[in-house]
Amino acid sequence: GENVEQHPSTLSVQEGDSAVIKCTYSDSASNYFPWYKQELGKGPQLIIDIRSNVGEKKDQRIAVTLNKTAKHFSLHITETQPEDSAVYFCASREGFRIKAAGNKLTFGGGTRVLVKP
Amino acid sequence: IAGITQAPTSQILAAGRRMTLRCTQDMRHNAMYWYRQDLGLGLRLIHYSNTAGTTGKGEVPDGYSVSRANTDDFPLTLASAVPSQTSVYFCASSEGGTDYNEQFFGPGTRLTVL
C-alpha cells in the first residue's frame, strides 16, 4: 500500500517568516494530494489540495508544489501569522484502480508548526 | 449546519469492555471513514464505507467493526477494548464518487483504555 513520509515533525518560525513542510509518497499511481490543518482540540480541516496533473497551486499565503518524478510534494506558508500555529498533515490518494476502494487517503505523520510573535 | 457529530467527546474504559463510538453526518455524503490518531503516526484509516450498506477495511481494522445501515450514521465498535486502542478517534465523510472529494472531519472522541 501507499506510504507517506512527512518532515519535519516540528517547525518553529518567527512571525512573518516562511514555513515549508515536505512529504514523499511511494505509489507512483497516486493522483491527489490534500493538506489538512488541525487546530488544538479539533478535527483536521482541508486547506489546499493538488491533483497529479498540476505542478503548483496557490491560495493567498499558502501554496503547494508537486514533483511527480521525485514523488514528493510540499506546503509553503508565507508571511506566517500566529493563527498559522497548528498541526499540518499531508495525504495522498492512490490512483482509482479499483472502484470499490473509494476515496481512501494515506496521511503523513504530521508537522507541528509554532509561529512565534 | 452541524456537519459531523461524534459521541462521546471522551471516554475512559476498562479493558475487555465493549464500546461503540457514534458518528452522524447531515451532509448526505455517500462515503464515511473512521481514523485513529496517535502521536507521531498521523491519521490511520480503520474502516470506511463508500455508500450505505457497504463497508471496507482500512490500514488498521483489527479489533474494530463498523456498520452502515443508513447514509447518516457510521458507528465504530470495539468488541473487547485493549490498552493499545487508547487513541483519539475521528470520523469523516465525503461526497464520494470521484478521487478528489474533500473529507470533512468530526471533532473527535478521546478514548482511554485502562
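Protein sequences appear in the order of chains A and B. Residue numbering for the first sequence follows this note's numbering, starting at 395 and increasing by one per position. Residue numbering for the second sequence follows this note's numbering, starting at 183 and increasing by one per position. All residues carry an ideal CB built from backbone N, CA and C; glycine is no exception.
Min CB distance residue i to chain A below 8 Å
i, result
"F287 of chain B", "yes"
"F256 of chain B", "no"
"L203 of chain B", "no"
"S276 of chain B", "yes"
"G235 of chain B", "no"
"L293 of chain B", "no"
"A213 of chain B", "yes"
"N283 of chain B", "yes"
"Y230 of chain B", "yes"
"L225 of chain B", "yes"
"G245 of chain B", "no"
"G198 of chain B", "no"
Own chain, CB closer than 6 Å to residue i, minus 5 neighbours either side, in chain order
i, result
"K498 of chain A", "none"
"Y426 of chain A", "R445, R487"
"T187 of chain B", "T206"
"V242 of chain B", "R226, I228"
"Q408 of chain A", "K510"
"T459 of chain A", "E450, S468"
"E399 of chain A", "T418"
"V248 of chain B", "H229, T237, L258"
Nearest-angstrom Cα separation, counted from residue j out to residue i
i, j, result
"A413 of chain A", "I471 of chain A", "5 Å"
"G449 of chain A", "E473 of chain A", "22 Å"
"A494 of chain A", "T236 of chain B", "Here the model assigns A494 of chain A a pLDDT of 49, short of 50, so the residue's position is not dependable and the matter cannot be decided."
"A274 of chain B", "S446 of chain A", "23 Å"
"Y271 of chain B", "E284 of chain B", "19 Å"
"W429 of chain A", "R199 of chain B", "36 Å"
"W216 of chain B", "V295 of chain B", "18 Å"
"P257 of chain B", "A485 of chain A", "24 Å"
"V197 of chain B", "I456 of chain A", "In the sequence as presented, Val is not what sits at residue 197 of chain B; that position holds Ala. So the alpha carbons of these two residues sit roughly 44 Å apart."
"R250 of chain B", "P265 of chain B", "26 Å"
"F501 of chain A", "T404 of chain A", "16 Å"
Distance CB(residue i)-CB(residue j) smaller than 8 Å
i, j, result
"F287 of chain B", "G437 of chain A", "yes"
"D208 of chain B", "G222 of chain B", "no"
"L203 of chain B", "A263 of chain B", "no"
"L260 of chain B", "Y246 of chain B", "yes"
"L469 of chain A", "S406 of chain A", "no"
"N397 of chain A", "S420 of chain A", "yes"
"T418 of chain A", "K452 of chain A", "no"
"G224 of chain B", "Y230 of chain B", "no"
"T291 of chain B", "S192 of chain B", "yes"
Contacts around residue i, its chain only, beta-carbon distance under 7 Å, and the 5 residues preceding and following it disregarded
i, result
"G278 of chain B", "H211, N212, A213, N232, T233"
"T463 of chain A", "none"
"S269 of chain B", "R218, Q219, D220, L293"
"K416 of chain A", "H401, H466, S468"
"P289 of chain B", "Q188"
Chain B contact for residue i (CB, 8 Å cutoff)
i, result
"F467 of chain A", "no"
"N497 of chain A", "yes"
"G437 of chain A", "yes"
"L512 of chain A", "Past the boundaries of the shown model lies residue 512 of chain A; chain A is included only from 395 to 511, so the question cannot be answered."
"F501 of chain A", "yes"
"F427 of chain A", "no"
"S403 of chain A", "yes"
"R455 of chain A", "no"
Same chain only: Cβ atoms within 8 Å of residue i, ignoring 5 sequence neighbours per side
i, result
"Q432 of chain A", "P438, Q439, A480, V481, Y482, F483, G504"
"D443 of chain A", "Y426, F427, P428, W429, K451, V458"
Where residue i meets chain E, residues with beta-carbon distance less than 9 Å
i, result
"R506 of chain A", "The chain labelled as chain E is not found among the protein chains of the depicted structure, namely A and B."
Enclosing beta strand (DSSP E) for residue i [first to last residue]
i, result
"M214 of chain B", "213–220"
"Y482 of chain A", "480–487"
"V248 of chain B", "246–248"
"T187 of chain B", "186–189"
"A263 of chain B", "Looking at the DSSP string, A263 of chain B is not in any beta strand (DSSP E), and its letter there is neither H nor E."
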